[in-house]
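Shown next, in C-alpha cells, is the structure this report addresses.
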Ligand SMILES: [Zn+2]
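In the numbering used here, the protein residues as written are 22 to 155.
Here it is as C-alpha cells:
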C-alpha cells in the first residue's frame with residue numbers, strides 16, 4: 022500500500038488505466054502482483070524506510086514508471102507516474118522481491134551510511150533479528 026501526500030509537487034502526472042487522474046484520487050494505492058516497467062530516464066532522490074530507522078540516502082531510480090497490478094477485487098489495472106509516487110512504487114516492489122533501498126546505493130552513498138548501518142546491524146544482532154556474525 023502506498024500513500025503519497027496529495028499536494029506532493031514532485032508528481033507531475035498520474036495515469037490510471039491510461040487516463041490522467043489527480044494524485045489525491047489515486048491514493049491510497051493498494052496493488053497486488055505488480056509488474057514494473059521502468060522508464061528510460063533516471064533520477065536521484067532521498068529515501069528512507071520503515072524497516073531501517075533513521076537512515077536516509079540518495080538512491081538512483083527510474084524517473085517514471087508504469088505498473089500493471091491487481092486490485093483487491095482482482096481487477097487488472099495500470100498506473101503510470103513520476104516523482105515521489107514512481108519512487109515509492111519502485112521501493113515497495115523491491116520489498117516484495119526482498120530488496121532494500123540500501124542494496125541500491127552507489128559505492129559513495131554506501132560509505133556515507135556505513136557507520137550508521139553497522140550500528141543498526143549490531144542492534145539487530147543483539148535483538149536476535151539477524152544471526153550473529155561473532
Ligand atoms: Zn521500505
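Beta carbons: idealized from backbone N, C-alpha and C, even for Gly.
**Report entry** Where the alpha helix (DSSP H) containing residue 114 begins and where it ends
**Finding:** 104-117
Report task. Could you tell me if the beta carbon of residue 113 falls within a distance shorter than 8 Å of some heavy atom in ligand 1? Result -> yes
Report task. Spell out the partners DSSP gives residue 57 in its beta bridges. Result -> 88
Requested in this report: Please work out which residues of its chain come closer than 6 Å, Cβ to Cβ, to residue 107, disregarding the five sequence neighbours upstream and downstream, and give them in chain order.
Outcome: 85 and 86
**Report entry** Closest residue to residue 22 among 74, 112 and 41 (Cα-Cα distance)
**Finding:** 112
**Report entry** C-alpha gap between residue 93 and residue 50, whole angstroms
**Finding:** 11 Å
Query raised in the report: Measuring CB to CB, does residue 75 end up less than 9 Å from residue 141?
Result: yes
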